[in-house]
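Residue numbers (our numbering), protein chains in the order written: chain G, 1 to 113; chain V, 1001 to 1113.
Yeah, the Cβ is synthetic: ideal placement off N, Cα and C, and Gly gets one too.
Notes to accompany the following structure.
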Amino acid sequence: DVKVTQSSRYLVKRTGEKVFLECVQDMDHENMFWYRQDPGLGLRLIYFSYDVKMKEKGDIPEGYSVSREKKERFSLILESASTNQTSMYLCASSWTLKSNEQFFGPGTRLTVL
Amino acid sequence: SQQGEEDPQALSIQEGENATMNCSYKTSINNLQWYRQNSGRGLVHLILIRSNEREKHSGRLRVTLDTSKKSSSLLITASRAADTASYFCATDTRSGNTGKLIFGQGTTLQVKP
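Have a look at this one:
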């Protein structure tokens, strides 16, 4: 079974802190994605990566950066956390050449105080 | 912007009844996928239907796709309390090989025992 893991289920940080959210997948997927999910807004794509060291902005990249140094790991970085970044963060991965079904991690609920 | 729009936003039915959720989209697609999300968890892939398919079944799930109307429906037959979850459609809009999907805002289904 494909497994996508996220470093924390719940996280509480203070405004201005640098926050790292890590995602690891074990199925050699080329593509990895970071979404945030807020009530009434559905899933919004923050950044995605289709290869090691490659990244592309999604719909809402402001205030975020990403890092993909190894194929299995995709990190989301909040350079200076703000209260409006309080949200559920979901990581996903998929193959390129097979059907692009995405496999999701369990999510990280981040609260910024 | 969200490509997929689900309808209804919320649905409440009794156990044993059928549940139908609809999804409309705006641009041409390679395929359309349905996902399920239990409260506070990640999304789980349910079924994929390609643009050249009209109907697909998987267990108690039936998905239809009408590309002329740019719409899809998900039917869950003989619903169970365990089907209580949010359901999302996602479209692959042929944007290169990145595997990017666009998710709708979801339908929240409550199945009462």
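Asked, Found
"Own chain partners of V:A1081 with C-beta closer than 8 Å, once the 5 adjacent residues on each side are dropped", "E1015, V1111, K1112 and P1113"
"Exposure label - G:H29; buried when at least 16 CB within 10 Å", "buried"
"Contacting residues, own chain, Cβ-Cβ under 6 Å from G:G16 (five flanking each side not counted)", "S80"
"Beta bridge counterpart(s) of G:A92 as assigned by DSSP", "G:F33 and G:F104"
"Which listed residue (V:L1075, V:L1109 and V:F1103) has its alpha carbon closest to that of V:S1086", "V:L1109"
"Minimum C-alpha distance to G:L113 - residue among G:V4, G:K3 and G:V19", "G:V19"
"Closer than 9 Å at the beta carbon, the chain G residues around V:R1036", "The contacting residues do not exist; V:R1036 stays about 11 Å from chain G at best."
"Given 8 Å, three or more beta-carbon pairs between the stretch 1060-1075 of chain V and the stretch 1031-1045 of chain V", "yes"
"Environment of V:M1021 [buried if 16+ CB atoms lie within 10 Å]", "buried"
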